[in-house]
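Trainee: Below is the structure I would like to discuss, written out as structure tokens.
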Amino acid sequence: MSTIGLTMTVSVILGLFIVLGLGMASLTSGAFFFLFGSPRITLLKSKKGSNGFAFGFKWDSVREPVKFNRVQLRLFNPYGSPTQVAVSQEFDLKGETFAEDFDMGPAFDNLIHADGLEKGLVQVELTSSKDGVTFQKEMKGEKFLRLKNASQQSAEDYNKKNTK
Numbered sequence: 007m008s009t010i011g012l013t014m015t016v017s018v019i020l021g022l023f024i025v026l027g028l029g030m031a032s033l034t035s036g037a038f039f040f041l042f043g044s045p046r047i048t049l050l051k052s053k054k055g056s057n058g059f060a061f062g063f064k065w066d067s068v069r070e071p072v073k074f075n076r077v078q079l080r081l082f083n084p085y086g087s088p089t090q091v092a093v094s095q096e097f098d099l100k101g102e103t104f105a106e107d108f109d110m111g112p113a114f115d116n117l118i119h120a121d122g123l124e125k126g127l128v129q130v131e132l133t134s135s136k137d138g139v140t141f142q143k144e145m146k147g148e149k150f151l152r153l154k155n156a157s158q159q160s161a162e163d164y165n166k167k168n169t170k
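Residues 7 to 170 (my numbering) are what the sequence shown spells out, left to right.
Here is the structure:
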């Protein structure tokens, strides 16, 4: 085999390794972001009584510069009554990791005490009316109640621990 043929073969092989290496690095970084860097919502202990709902939201505000200002809870309950409940609350624009505690009113009591809630689906939705971005987290009603009732951290404590 000639020197030129050998050199071209080595160049092609090295080029393939570089392309495959960059592809693997990209997939690996994407997997790490999917597993560890995605936005997270935490249910917290409310200080607002039986109609209170507290949550914390953590995300990379540098990567996703969004300012949220609305939370909505929805119950989809085909197994009981009522079959659907929606409760929402507006708040000041928040552009970084934050926690809030709200009195959601009597509709939240309807959501919490709905027949068949354990089998239904609860959706927590954060919305940015300014940026048009929505974050949604869905969970079974049983998990929602368990997380809400087991929480020991208040919104105030969450903000002290997680904000700058």
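Note that CB positions come from ideal geometry on N, CA and C, so glycine has one too.
Just so you know, these numbers come straight off a predicted model, no measurement behind them.
#1: Only counting runs of 4 or more residues, tell me where the alpha helix (DSSP H) segments fall wholly within the region 71–136, in order along the chain.
#2: Spell out the partners DSSP gives residue 139 in its beta bridges.
#3: What did DSSP end up calling residue 55 once you bin it into helix, strand or coil?
#4: In whole angstroms, what separates the C-alpha of residue 171 from that of residue 132?
#5: Measure the C-alpha to C-alpha separation of residue 126 and residue 83 and round it to an integer number of angstroms.
#6: Between the Cα of residue 93 and the Cα atoms of 101, 81, 123, 103, which residue gives the shortest distance?
#7: Using the Cβ count rule (16 or more neighbours within 10 Å means buried), how would you classify residue 16?
#8: Thinking just about the alpha-carbon of each residue, which of 144, 158, 103, 58 is nearest to the one in residue 72?
#9: In its own chain, which residues sit with a C-beta less than 6 Å from the C-beta of residue 89, not counting the 5 before and 5 after it?
#10: What is the rounded straight-line gap between the Cα of residue 45 and the Cα of residue 12?
#11: Please specify which runs of the alpha helix (DSSP H), each continuous and at least 4 residues long, are wholly inside the region 8–42, giving them in chain order.
#12: Can you tell me whether DSSP reads residue 46 as helix, strand or coil?
Mentor: Let me lay it out:
#1: 112–118
#2: Translated into the one-based positions of the sequence shown, residue 139 becomes position 133. BP columns for residue 139 point to 134.
#3: Indexing the sequence shown from 1 puts residue 55 at position 49. Of the three classes helix, strand and coil, the one that applies to residue 55 here is coil, per DSSP.
#4: Outside the modelled stretch of the chain, which goes from 7 to 170, sits residue 171, for which no answer is possible.
#5: In the sequence shown, counting from the first residue as 1, residue 126 sits at position 120. In the sequence shown, counting from the first residue as 1, residue 83 sits at position 77. The alpha-carbon atoms of residue 126 and residue 83 are separated by roughly 4 Å.
#6: Position 87 of the sequence shown, counted from the start, is the residue given in the question as residue 93. Answer by Cα proximity: 81.
#7: Looking up residue 16 in the sequence shown gives position 10. Under this definition residue 16 is an exposed residue.
#8: Working through the sequence shown from its first residue, we reach residue 72 at position 66. Taking only the C-alpha atoms, the option nearest residue 72 is 103.
#9: Looking up residue 89 in the sequence shown gives position 83. Counting only Cβ-Cβ distances below 6 Å, and skipping sequence neighbours, we find 83.
#10: The residue labelled residue 45 in the question sits at position 39 within the sequence shown. The residue labelled residue 12 in the question sits at position 6 within the sequence shown. C-alpha separation (whole angstroms): 50 Å.
#11: 9–38
#12: As a position in the sequence shown, residue 46 is number 40, starting the count at 1. Three-state DSSP puts residue 46 in a strand.
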